[in-house]
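**Q** Take this structure, written in structure tokens, and hold onto it; I'll ask about it next.
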Amino acid sequence: MTTTTLTEARDEIATRVITAMAGPDARLREDQATAVAALCEPGARVLVVQATGWGKSAVYWAATAIRRAENAGPTLVVSPLLSLMRDQVAAAGRAGLRAATLNSSNIDAWSAIEADLRGGQLDVLLVSPERLANPGFGRRVLDGLAGRLGLVVIDEAHAVSDWGHDFRPDYRRVSDVLQRLNPDTPVLATTATANARVTDDVAHQLGRDLDDGGQGEATLVLRGQLARASLELSVVDRLSPLERYAWVVDHLPRLPGSGIVYCLTVSDAERLAAAVAEVHGDAVPVAAYTGQLEPGRREELEDALRDNRLKALIATSALGMGYDKPDLGFVVHVGAPPSPVSYYQQVGRAGRAIEHAHAVLLPSDADAGVWDYFATATIPKPEQVERVLAVLSGGEPVSVAAVEAQSGVRRGRVELMLKQLAVDGVVDRVEGGWVATGKPWSYDAEHYDGVVAVRRREADIMRAYTRGERCLMQLLQLSLDDPHAEPCGRCSVCRGALSEDLSGAPEPETVQAVTRLLRGQVHLLEPRKMWPGGAFGARGRIPAEEGHEVGRTLIHADAPEWRESVAAMFGADAPAPEEVRDGAVRLLSGWRGSWSRRPEVVVDLPAAGQRQLTASVADHIAAVGQLGRASMPVPDRLPDLRELSSADEAAFWRDAFTPGSAPAEVAGASVLLVVDATSSLWPITVAAAALRRAGAAAVLPMLIHRRP
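Okay, so the sequence shown: first residue is 1 according to full-length UniProt numbering, each after it adds one.
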């Protein structure tokens, strides 16, 4: 692509935008001006790879202002997160542009926004990549923009590439949008986190979008130095998962300003937030932030952190791309992300407009299991794809729930699989569900093996980072193929020690307090309400006379306070350790006020095959409470239940609990059902129904380990 320079008139508009956003003395950087000038030409394809805080958004706001002044149509920004969209709408307003977003949190405003768009009153429309896949959005909005778009922006464009750390199949639909609307529309892709391979892949995909059989001009790639001079990177190693919690509790008050504490899982974020609140109360205000929160609540928490009403948000990666707080003083990671690229992106939230900020990693060998999951989570399994396509082969639209029930593939995998197949043109989303297009599908083993290999190499880089094998900033730059990588002189490796406000192990008293708090938390086990249909056969509401009461879970997910106990219990089938037996009794003691009727019989159900473990807990409870004892028989060999669909797993347990398998002791009695482990809860649900049909007056389930 031939680069151009801005004309005097265009430069005047760009300067007006940048000064409105960044102050009266601000001017476009050389690469910013180059990108803006290129985007003023028909069919331009520009990829900007620059560090967080460099000013990538200034490029598309300046280009939008110029093109709108020259009577071009509105800009379509494809943006991945609601928080990012809100910040971009505000930034567009500062640039003098009228922007709006269509998302799940403002459905009531859609009609007015779409009317403004049709009337030419909007300069910018922001949407998620998933919105592009919605047939109604295509019919109402995209069709009306045909031939009228002035600019397309793909924000966080690394997600276009499945070689990247955050691949999102729906991003590939941008190509379809360009072909559908106007291939001459200029396209800008931006990211701070793309290595050479991802950069090449994204640039190639942008170039193919030109409507000339992929023979158009090459994408203009503008890549800058990725080091962040304001960040002091540190690794605090050799802490157990529980000690990491205690370290955060002890050190959070000492960290400068306000910040983010990242956790790998939702349950970690919620538990750590509870621990900080228990120890410090209002003196160190924090809140948990996860993708499970309602959009309105997430917005409230983002604003509270931005206004420094919170010391920290303890968050999953749901608080990531695009959250803008220029004076963020620290980012702490309780657990290492699986990719140095995603880690670089998250620590880049800190220190944008201040001279110094901390980026602290608290690693653990427990992180490896999460890494292994992410390495293969997006890779399709050929046999599952074939089953899904067989369900869709009838020609009529099929819902995701029906695909799950008929294919035997779990819903999460079905949803991801359909998105990937849609990108390849093998299936299509229409009104009423999904259909097969008739295009054949084949598994590209070489490609997917390469993707997994790259992800495993990235995990190895994170291991090298946690071991401090070289300058931490340099290692992150090298993982992004930054040719300017060199030792930073500021990190804990270059300094040879941690900063004073980061050093020191957590206080033993804090570790004990956190352990007591977390082991005393109540985890409710809500009963399932509906039968699954599909392979199970029965569907609809579970009758009250076959249901169980609200139960309790002793160990929830990957709880650090129980990590050693879980490893001991589920490494081999053996009696439960003393702390687990005692914990079960404490749980029951706190539960008794909620019982509809005191348990009279303890029934063990080794749903995960841990017979000695389950029996030992049930025996201990029965002895302490002077209760009767019985057992639910299970098959000697259990399948890998995690690979079964919801309906198939429920059907397995229905077939396992044949009529007459429930022990006679339960007739007329209130039953405490002790279960070793499950993630789906189907063994509890189906067993409770069998016990109730056998005459049990009530079933109170106690789950030893709720698996993630």
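Built from N, CA and C at the ideal position, the CB exists for glycine as well.
1) Within the continuous alpha helix (DSSP H) that includes CYS494, where are the two ends?
2) What did DSSP end up calling ASP604 once you bin it into helix, strand or coil?
3) Where does ALA91 sit, in a helix, a strand or coil, going by DSSP?
4) Using only the alpha-carbon positions, how far apart do ILE154 and VAL77 sit?
5) If you drop the 5 nearest sequence neighbours on each side, which residues of the same chain put their C-beta closer than 7 Å to that of ASP212?
6) Looking at the strands, I want to know which residues DSSP matches up with LEU362.
7) Can you tell which of ASP558, LYS439, ALA38 and GLY394 has its C-alpha closest to the C-alpha of LEU222?
8) Taking the beta carbon of PRO338 as the centre, do at least 16 other beta carbons fall within 10 Å, making it buried, or is it exposed?
9) I'd like the span of the beta strand (DSSP E) that includes GLY259, first residue to last.
10) Cutting at 8 Å between CB atoms, please list the residues of its own chain near GLU507, excluding the five before and the five after it.
11) Taking DSSP as the reference, what is the three-state secondary structure of THR290?
12) How long is the line joining the alpha carbons of GLY533 and SER645, rounded to whole angstroms?
13) How close, in whole Å, do the beta carbons of ALA227 and MET473 come, if the pair is a contact with beta carbons under 8 Å?
14) Can you tell me whether ILE314 is buried or exposed? The criterion is at least 16 other CB atoms within 10 Å of its CB, across all chains shown.
15) Based on DSSP bridge pairs, tell me the residues matched to THR199.
16) Grab me the residues of ARG528's own chain with a C-beta within less than 7 Å of its C-beta, minus the 5 sequence neighbours each way, in chain order.
17) Tell me the DSSP secondary structure of ASP676 in three-state form.
18) Taking PHE570 and GLN610 to be in contact with their CB atoms under 8 Å, please state how far apart those CB atoms are, rounded to whole angstroms.
19) If distances are taken between C-alpha atoms only, which option among LEU231, GLN345, VAL17 and HIS548 comes closest to HIS358?
20) Can you tell me where the beta strand (DSSP E) with PRO701 in it begins and where it stops?
21) Applying the 10 Å Cβ sphere with the 16-neighbour rule, what's the burial state of GLN121?
22) Taking only three categories from DSSP, how would you classify ILE542?
23) Hey, could you find the ends of the alpha helix (DSSP H) MET473 is sitting in?
24) Is ARG29 helix, strand or coil by DSSP?
25) Where do the N-terminal and C-terminal ends of the beta strand (DSSP E) with VAL48 fall, by residue?
26) Assuming VAL198 and SER161 make a contact with CB atoms under 8 Å, what is their CB distance in whole Å?
27) Assuming the contact rule is C-beta atoms closer than 8 Å, ALA630 and VAL585 should be a hit. Round their C-beta distance to whole Å, please.
28) Using the rule of at least 16 other Cβ atoms within 10 Å of the residue's Cβ for burial, across every protein chain shown, is TYR262 buried or exposed?
29) With 16 other CB atoms within 10 Å as the buried threshold, where does TYR344 fall?
30) Quick check: the Cα distance between THR687 and ARG552, rounded to an integer number of angstroms?
31) Taking C-alpha atoms, which residue in GLU278, ALA318 and ARG693 lies nearest to ARG297?
32) At the level of alpha carbons, what is the spacing between PRO129 and ALA669?
33) Classify MET569 as helix, strand or coil using the three-state DSSP reduction.
34) Just list the residues that DSSP pairs ARG552 with in beta bridges.
35) On a CA-only basis, which of ARG490, LEU392, ILE704 and PRO575 is nearest VAL435? Give me that one, please.
36) Looking at the unbroken alpha helix (DSSP H) that takes in MET530, where does it start and where does it end?
**A** The answer reads as follows:
1) 492-495
2) strand
3) helix
4) 6 Å
5) For ASP212, the pLDDT reaches just 42, beneath the cut-off of 50, and the residue's location in the model is therefore unreliable, leaving the point undetermined.
6) VAL334
7) ALA38
8) buried
9) 259-263
10) ALA246 and ASP250
11) coil
12) 11 Å
13) 6 Å
14) buried
15) According to DSSP, THR199 bridges with nothing at all.
16) ILE542, LEU681 and THR685
17) strand
18) 7 Å
19) LEU231
20) 698-706
21) exposed
22) coil
23) 472-479
24) coil
25) 45-49
26) 5 Å
27) At roughly 19 Å, the Cβ-Cβ gap does not stay under 8 Å, so ALA630 and VAL585 are not in contact.
28) buried
29) buried
30) Note on residue identity: the sequence assigns Ala, not Thr, to residue 687. Roughly 16 Å between the two C-alpha positions.
31) ALA318
32) 54 Å
33) helix
34) LEU524 and MET702
35) LEU392
36) Where MET530 is concerned, there is no enclosing alpha helix (DSSP H), although the beta strand (DSSP E) it sits in stretches over 530-532.
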